[in-house]
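Engineer: Taken in sequence, the protein lines are chains U and W. Once you know that position 107 of the first sequence is 107 in my numbering, the rest is easy, because the numbers rise by one and skip nothing. Once you know that position 57 of the second sequence is 1057 in my numbering, the rest is easy, because the numbers rise by one and skip nothing. Quick reminder that beta carbons are idealized off the backbone N, C-alpha and C, glycines included.
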Amino acid sequence: DAKTTQPPSMDCAEGRAANLPCNHSTISGNEYVYWYRQIHSQGPQYIIHGLKNNETNEMASLIITEDRKSSTLILPHATLRDTAVYYCIVRAFGTNAGKSTFGDGTTLTVKP
Amino acid sequence: GAGVSQTPSNKVTEKGKYVELRCDPISGHTALYWYRQSLGQGPEFLIYFQGTGAADDSGLPNDRFFAVRPEGSVSTLKIQRTERGDSAMYLCASSSTGSSEQFFGPGTRLTVL
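1. Between which residues of its own chain and residue 7/U is the CB-CB distance below 6 Å, once the five residues before and five after are set aside?
2. With DSSP as the reference, label residue 1039/W as helix, strand or coil.
3. If I measure Cβ to Cβ from residue 1107/W and keep anything under 7 Å in the same chain, skipping five residues before and after, which residues do I get?
4. For the stretch 14-71 of chain U, list the beta strand (DSSP E) runs that are entirely contained and at least 3 residues long, ordered along the chain.
5. Find out if the Cβ-Cβ distance for the pair residue 38/U, residue 84/U is shorter than 7 Å.
6. Using the beta-carbon count (16 or more within 10 Å), is residue 9/U buried or exposed?
7. Checking 7 Å against the spacing of the C-beta atoms, do residue 1095/W and residue 1029/W come in under that value?
8. Nearest to residue 1079/W by CA position, among 1070/W, 1004/W, 1040/W and 1015/W, is which residue?
9. Which residues mark the beginning and the end of the beta strand (DSSP E) in which residue 1020/W is found?
10. Three or more beta-carbon pairs under 8 Å between the stretch 1054-1062 of chain W and the stretch 1017-1029 of chain W, yes or no?
11. Ordered along the chain, which non-local residues of its own chain (more than five positions away) have a Cβ less than 8 Å from that of residue 1071/W?
12. Does any residue of chain U have a CB that is nearer than 7 Å to the CB of residue 1107/W?
13. In terms of alpha-carbon separation, which member of 65/U, 71/U and 76/U lies closest to residue 58/U?
14. Here's the rule I'm using: 16 or more other beta-carbon atoms within 10 Å means buried, otherwise exposed. How should residue 1033/W be labelled?
15. Does the Cβ of residue 71/U have 16 or more other Cβ atoms within 10 Å, making it buried, or fewer, making it exposed?
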């Protein structure tokens, strides 16, 4: 699996958009970008994934650059409950995709 | 519906002892994954099952670690002769056929004294 690079920490004001960047310059053509978050003492929670088109769901939006070498997770209106570690990973799609390779993620702190 | 469950939630043991950690995946999920997470780091892959067989065990650190999934559902991670360095959060995840979205359990916090 391709390696991803994320800033170790970010702050965001409550109610503002949180934009979390991720670099994945060695991503392969069959690999998707996945985002998870982990709130203290809990297991990681799936947020969103995408291949090359921008994606949006009830939790977040995912913007993937045209060359697919980087992406940005957007939380449109951050709340205090969004404080967590956010992980960007890349992996092939499908049941046999196998393991996920996590980096150390970005610790997002949402401040009142 | 019920998510992935793991038992126990916390396990404290002494160096040299044997421990078993249990994972109950989401019903019907064919793939099951074990990860280990040390404080301040991301989860580290240990082993992946597709059905009853281990499809990838390349992350197991040494032969003290072993995992089984005899009926293709519940899995047990077994650690022999525990060492203080084995202390970590052990996470289990599962996914369904045709999907690579992994659903994680709450983890088992293992402390080796």
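Structural biologist: This is what the structure holds:
1. Taking the first residue of the first sequence as position 1, residue 7/U is located at position 7. Correct list, in chain order: 106.
2. Walking along the second sequence from the start, residue 1039/W turns up at place 39. DSSP places residue 1039/W in coil when its eight states are reduced to three.
3. Position 107 of the second sequence, counting from 1, holds the residue named residue 1107/W. Here the set comprises 1006, 1089, 1090 and 1091.
4. 18-23, 31-38, 45-50 and 61-64
5. Counted from its first residue, the first sequence places residue 38/U at position 38. Counted from its first residue, the first sequence places residue 84/U at position 84. In terms of Cβ geometry, residue 38/U and residue 84/U form a close pair [threshold 7 Å].
6. Residue 9/U sits at position 9 when you count from the first residue of the first sequence. Its Cβ having fewer than 16 others within 10 Å, residue 9/U is exposed.
7. Residue 1095/W sits at position 95 when you count from the first residue of the second sequence. Residue 1029/W sits at position 29 when you count from the first residue of the second sequence. Cβ distance < 7 Å, so residue 1095/W and residue 1029/W count as in contact.
8. The residue labelled residue 1079/W in the question sits at position 79 within the second sequence. The option with the nearest alpha carbon to residue 1079/W is 1015/W.
9. Taking the first residue of the second sequence as position 1, residue 1020/W is located at position 20. Annotation: the continuous beta strand (DSSP E) that includes residue 1020/W extends over 1019-1024.
10. no
11. Position 71 of the second sequence, counted from the start, is the residue given in the question as residue 1071/W. Closer than 8 Å at the Cβ level, and outside the excluded window around residue 1071/W, lie 1052.
12. The residue you call residue 1107/W lines up with position 107 of the second sequence. It does: the Cβ of residue 1107/W has a partner Cβ on chain U nearer than 7 Å.
13. Within the first sequence, the letter at position 58 stands for residue 58/U. If we check each option's Cα against that of residue 58/U, 76/U comes out closest.
14. Locating residue 1033/W in the second sequence gives position 33, where the first residue counts as 1. Its Cβ being crowded by 16 or more others within 10 Å, residue 1033/W is buried.
15. Working through the first sequence from its first residue, we reach residue 71/U at position 71. Using a 10 angstroms sphere on the CB of residue 71/U, the tally of other CB atoms reaches 16 or more, which defines it as buried.
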